[in-house]
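In what follows, a structure is listed as structure tokens, so that the remarks can point back to it.
Protein chains: 2
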Amino acid sequence: MGFQETFKALSDGVRREILLMLRGGKKSAGEIASCFDMTNATVSYHLSILKKAGLITEEKEKNYIFYKLNTSVFEDIMMWFAQFQDGQK
Amino acid sequence: MGFQETFKALSDGVRREILLMLRGGKKSAGEIASCFDMTNATVSYHLSILKKAGLITEEKEKNYIFYKLNTSVFEDIMMWFAQFQDGQK
DNA sequence: AATCTATTTAGAAAATTTTCTAAATAGATT
DNA sequence: AATCTATTTAGAAAATTTTCTAAATAGATT
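One line per chain: the protein sequences are A and B, in this order.
Here our numbering is used: the first residue of the first sequence is 653, the next is one more, and so on.
Here our numbering is used: the first residue of the second sequence is 653, the next is one more, and so on.
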């Protein structure tokens, strides 16, 4: 919660790729990790950052953990940017 | 140039405050620095990051350096976020 | 020309972030 | 119950970022 966490989460390229990847629907941690050239532990770390930022949510099913986008936080961020479109002088 | 730099620039709270501060129009490095409890050198560092990211531009006048928002990059960022509003399943 | 004023640059220390390896967890299968 | 499979957690090393102090720059004033 709080913009600080959300912006920090968005500042990493791997995490932005994960978000784009999830546009197509939910994916398991393993599916996500297989797209990157890093250990599953590292990808798990990135997923935890995205989750703390509220950008994704998790859902356990069998022994998989599926992640999906939480679009409402994207809207909040858009609002932040909207401040720059109005207040123009 | 490049989203990486722009998102990194936006990930710091001090820098986001600077951007909000510049909505009201251009401000000198000194005016900006006086709003923070850190050295002018540190604020100068943050300004350089914002400038490299294309979020602000500078303009020299007398021995002041004025900074102002570069709104076009904000639009590019908004476009990035727009990707998440469409591709919904 | 000497000095002042506003700002940046260089270099180092401190803080934070990213990554890895190894171990832990927890549900599913045998 | 033992083992397998998917994933996370802990702890450490490496990389990056933030901050400071001190010095440099460069235009303006005396």
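Backbone N, C-alpha and C define an ideal beta-carbon position, used for all residues, glycine too.
This structure is a prediction, so every number in the text was calculated from the model and none was measured.
Limits of the beta strand (DSSP E) - the one that K720/B falls within: Y716 to L721
Contacting residues, own chain, Cβ-Cβ under 7 Å from F688/A (five flanking each side not counted): V666 and V695
When you compare the stretch 712 to 725 of chain B with the stretch 670 to 685 of chain B, are there three or more beta-carbon pairs, one atom per stretch, that lie closer than 8 Å? yes
Buried or exposed for K660/A, going by 16 or more other Cβ atoms inside 10 Å? Under a 10 Å Cβ-count criterion, K660/A is classified as buried, with 16 or more other Cβ atoms of the shown protein chains found around its own Cβ.
Under the rule that 16 or more other beta-carbon atoms within 10 Å means buried, what is S663/A, buried or exposed? So S663/A ends up on the buried side.
Counting only beta-carbon atoms, is M673/B nearer than 7 Å to chain A? no
Identify each residue in the stretch 720 to 737 of chain A for which the Cβ-Cβ distance to at least one residue of chain B is less than 9 Å, and report them in chain order. L721, T723, F726, E727, I729, M730, W732, F733, A734, Q735, F736 and Q737
What are the uninterrupted segments assigned as beta strand (DSSP E) that are 3 or more residues long and contained completely in the stretch 662 to 722 of chain A, given in chain order? 708 to 713 and 716 to 721
How many whole angstroms separate the CB atoms of E711/B and K679/B, which I take to be in contact at a CB cut-off of 8 Å? In fact, because the Cβ distance is near 11 Å, the residues do not count as touching under 8 Å.
Listed by chain order, chain B residues near S663/A by CB distance under 8 Å: F659, K660, L662 and S663
Rounded separation between M691/A and Y697/A - CA only: This sequence places Thr at residue 691/A; Met is not what is there. The alpha-carbon atoms of T691/A and Y697/A are separated by roughly 10 Å.
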